[in-house]
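*Asks:* Following this message is one structure expressed as structure tokens.
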Amino acid sequence: MMAAALLLALAPPLLPAKATSHHGADWPQWQAYKRDFIQHDGRVIEHSQHGRTTSEGQAYALFHALVAGDRPAFEQILRWTENNLAGGDLTKRLPAWLWGRRDDGRWGVLDDNAASDADMWLAWTLLEAGRLWHEPRYEKLGKAVLDRIERLEVVRLPHLGPMLLPGPRGFHPDAHRWKLNPSYLPAQLLRRFARAGNRQLWQTVLDNSLTLIRRASRNGVVPDWLIYRDDGSIASASDTDRIGYDAIRVYLWAGMLPAGDPARASLLRLLSRDCDANLVASAAEAAGIRIAIGPLMKATGNHRCLGQLVRAVDAAWHRDLLGDPARYYDQNLSLFALGWLEKRFAFTADGGLLLPRHETQ
Numbered sequence: 013m014m015a016a017a018l019l020l021a022l023a024p025p026l027l028p029a030k031a032t033s034h035h036g037a038d039w040p041q042w043q044a045y046k047r048d049f050i051q052h053d054g055r056v057i058e059h060s061q062h063g064r065t066t067s068e069g070q071a072y073a074l075f076h077a078l079v080a081g082d083r084p085a086f087e088q089i090l091r092w093t094e095n096n097l098a099g100g101d102l103t104k105r106l107p108a109w110l111w112g113r114r115d116d117g118r119w120g121v122l123d124d125n126a127a128s129d130a131d132m133w134l135a136w137t138l139l140e141a142g143r144l145w146h147e148p149r150y151e152k153l154g155k156a157v158l159d160r161i162e163r164l165e166v167v168r169l170p171h172l173g174p175m176l177l178p179g180p181r182g183f184h185p186d187a188h189r190w191k192l193n194p195s196y197l198p199a200q201l202l203r204r205f206a207r208a209g210n211r212q213l214w215q216t217v218l219d220n221s222l223t224l225i226r227r228a229s230r231n232g233v234v235p236d237w238l239i240y241r242d243d244g245s246i247a248s249a250s251d252t253d254r255i256g257y258d259a260i261r262v263y264l265w266a267g268m269l270p271a272g273d274p275a276r277a278s279l280l281r282l283l284s285r286d287c288d289a290n291l292v293a294s295a296a297e298a299a300g301i302r303i304a305i306g307p308l309m310k311a312t313g314n315h316r317c318l319g320q321l322v323r324a325v326d327a328a329w330h331r332d333l334l335g336d337p338a339r340y341y342d343q344n345l346s347l348f349a350l351g352w353l354e355k356r357f358a359f360t361a362d363g364g365l366l367l368p369r370h371e372t373q
């Protein structure tokens with residue numbers, strides 16, 4: 013079932029998209045994700061984590077809704093995010109990263125610190141929704157979120173320059189160290205921000221992020237977390253040479269880079285290794301991590317490895333989701349990876365979104 017979908021190359025051509033109103037009816041995995049993980053009011057629920065909600069989950073769901081052309085879901089997800097994570101106004105604050113049941117039994121924000129990976133996808137998706145749906149409100153909101161990212165989550169590191177922190181607080185443990193996450197820095201998003209925000213700032217962040225990934229990778233394995241020191245040295249904050257749940261996104265974002273992206277060739281060479289010796293073995297414990305490697309294997313022409321990945325994931329495929337029970341994070345990785353492999357979306361060289369053309373109904 014899924015294997016056939018992945019290996020087919022007969023998807024619709026990717027052209028600049030019109031507004032759509034098909035609500036994702038032709039994307040079974042999106043419909044299944046809505047059914048199992050998105051509450052009727054737009055809240056994304058992590059069932060395996062005591063029903064909590066994260067800003068990451070809300071931002072990812074917003075992206076998937078845009079790709080699906082599901083504007084009602086998009087509106088619900090955005091409204092819940094703004095009302096519950098941003099105090100009712102995303103122009104005035106970044107969303108809190110964690111929401112759930114408090115010790116007294118009430119539901120609400122558990123940690124009001126922001127998470128910059130969520131903020132980045134939120135700003136980018138709003139900017140692209142504004143462009144694709146000709147909706148100035150989304151674009152204005154996206155620019156407001158981007159402005160707050162620039163002011164609150166970007167710092168200047170010694171011997172490096174501007175870099176995105178994982179959040180406004182908690183990632184500068186002392187005067188000499190900063191904690192960074194390479195997976196928070198998709199080149200696609202940084203290129204889009206260079207058009208919508210401070211061009212020089214975001215171009216420099218992009219250049220610095222590529223430097224960090226190159227310097228931090230060990231035999232093609234990027235760690236989940238890095239420690240950057242004020243002397244310019246970089247150390248892994250991970251104690252393993254296996255690809256983790258954070259770092260897998262570095263491979264996913266790189267695999268989805270368009271052919272015209274200047275960073276693509278060097279990143280693909282750096283990150284692609286023999287799938288038997290490294291990548292599939294590293295990802296053996298999680299189907300979501302396995303399928304997230306798929307775009308990289310496709311981009312590098314490693315069809316043998318892609319076939320192995322497809323067969324491995326097929327065994328975990330139930331009711332249009334991965335795993336039984338399905339886990340939130342695996343589903344998001346697979347929505348990104350499968351959506352790209354099935355040509356439901358792609359990125360442009362300047363960080364925009366390409367979708368198959370659908371006529372407005």
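In terms of the working numbering, the sequence shown is residues 13 to 373. C-beta: ideal position from N, C-alpha, C; glycine also. Remember, it's a predicted structure, so these values are computed and weren't measured experimentally.
(1) Could you pull the DSSP bridge partners for residue 111 from this structure?
(2) Name the two residues that bound the continuous alpha helix (DSSP H) containing residue 175.
(3) With a cut-off of 8 angstroms on the beta carbons, I'd call residue 80 and residue 39 a contact; round off their distance for me.
(4) Give a yes or no on whether the C-beta atoms belonging to residue 280 and residue 348 are separated by under 9 angstroms.
(5) What's the C-alpha gap between residue 75 and residue 169?
(6) Would you say residue 392 and residue 133 are within 9 angstroms of each other, going by their C-beta atoms?
(7) Comparing the C-beta of residue 77 with each C-beta of chain B, is any distance below 9 angstroms?
(8) Quick one: Cα of residue 353 to Cα of residue 314, how far?
(9) Under 9 angstroms between the Cβ atoms of residue 343 and residue 41?
(10) Within 10 angstroms of its Cβ, does residue 33 collect 16 or more other Cβ (buried), or is it exposed?
(11) Could you please give the first and the last residue of the uninterrupted alpha helix (DSSP H) stretch that includes residue 265?
(12) So for residue 166, helix, strand or coil by DSSP?
(13) Do residue 269 and residue 212 have their C-beta atoms closer together than 9 angstroms?
(14) Quick one: what does DSSP say residue 128 is sitting in, helix, strand or coil?
(15) Under the three-state reduction of DSSP, which class applies to residue 362: helix, strand or coil?
(16) Under 8 angstroms: do the stretch 97-117 and the stretch 139-159 share three or more Cβ pairs, one atom per stretch?
(17) Starting from residue 352 and walking both ways along the alpha helix (DSSP H), at which residues does that stretch end?
(18) Let me know if residue 35 comes out buried or exposed under the rule of 16 or more other beta-carbons within 10 Å of its beta-carbon.
(19) Please identify the residue among 355, 357, 356 and 334 whose C-alpha is closest to the C-alpha of residue 346.
*Replies:* Well, looking at it:
(1) In the sequence shown, the residue the question calls residue 111 occupies position 99. DSSP, once it has assigned bridges, lists 65 and 121 as partnering residue 111.
(2) For the purposes of this step, residue 175 is taken as the residue at position 163 of the sequence shown. First-last for residue 175: 173-176, but that is the beta strand (DSSP E), not the alpha helix (DSSP H).
(3) The count along the sequence shown starts at 1 and reaches residue 80 at position 68. The count along the sequence shown starts at 1 and reaches residue 39 at position 27. 5 angstroms between Cβ atoms; contact.
(4) For the purposes of this step, residue 280 is taken as residue 268 along the sequence shown, with counting starting at 1. For the purposes of this step, residue 348 is taken as residue 336 along the sequence shown, with counting starting at 1. Contact: no.
(5) For the purposes of this step, residue 75 is identified with residue 63 of the sequence shown, where counting begins at 1. For the purposes of this step, residue 169 is identified with residue 157 of the sequence shown, where counting begins at 1. Their Cα atoms are separated by approximately 30 angstroms.
(6) Because the chain spans 13 through 373 in this model, residue 392 falls outside it and cannot be assessed.
(7) As a matter of chain content, chain B is missing from the structure shown, which is built from one protein chain.
(8) By 1-based counting over the sequence shown, the position of residue 353 is 341. By 1-based counting over the sequence shown, the position of residue 314 is 302. Those two C-alpha atoms are separated by around 14 angstroms.
(9) Indexing the sequence shown from 1 puts residue 343 at position 331. Indexing the sequence shown from 1 puts residue 41 at position 29. Yes, these two residues count as a Cβ contact at 9 angstroms.
(10) In the sequence shown, residue 33 corresponds to position 21, counting from 1. Model confidence at residue 33 stands at a pLDDT of 48, short of 50, so the residue's coordinates are unreliable; what they give is reported in the following sentence. It counts as exposed.
(11) Position 253 of the sequence shown, counted from the start, is the residue given in the question as residue 265. Per DSSP, residue 265 belongs to the alpha helix (DSSP H) from 260-267.
(12) For this step, residue 166 is matched to residue 154 along the sequence shown. Strand.
(13) Along the sequence shown, one-based indexing puts residue 269 at 257. Along the sequence shown, one-based indexing puts residue 212 at 200. Not in contact: residue 269 and residue 212 (Cβ atoms no closer than 9 angstroms).
(14) The residue labelled residue 128 in the question sits at position 116 within the sequence shown. Helix.
(15) Position 350 of the sequence shown, counting from 1, holds the residue named residue 362. Looking at residue 362 - three-state DSSP - the assignment turns out to be coil, as it is neither helix nor strand.
(16) yes
(17) One-based indexing of the sequence shown puts residue 352 at position 340. Here the alpha helix (DSSP H) through residue 352 covers 340-353.
(18) Residue 35 sits at position 23 when you count from the first residue of the sequence shown. Buried, by the Cβ-count rule.
(19) In the sequence shown, counting from the first residue as 1, residue 346 sits at position 334. Cα-wise, what sits closest to residue 346 is 334.
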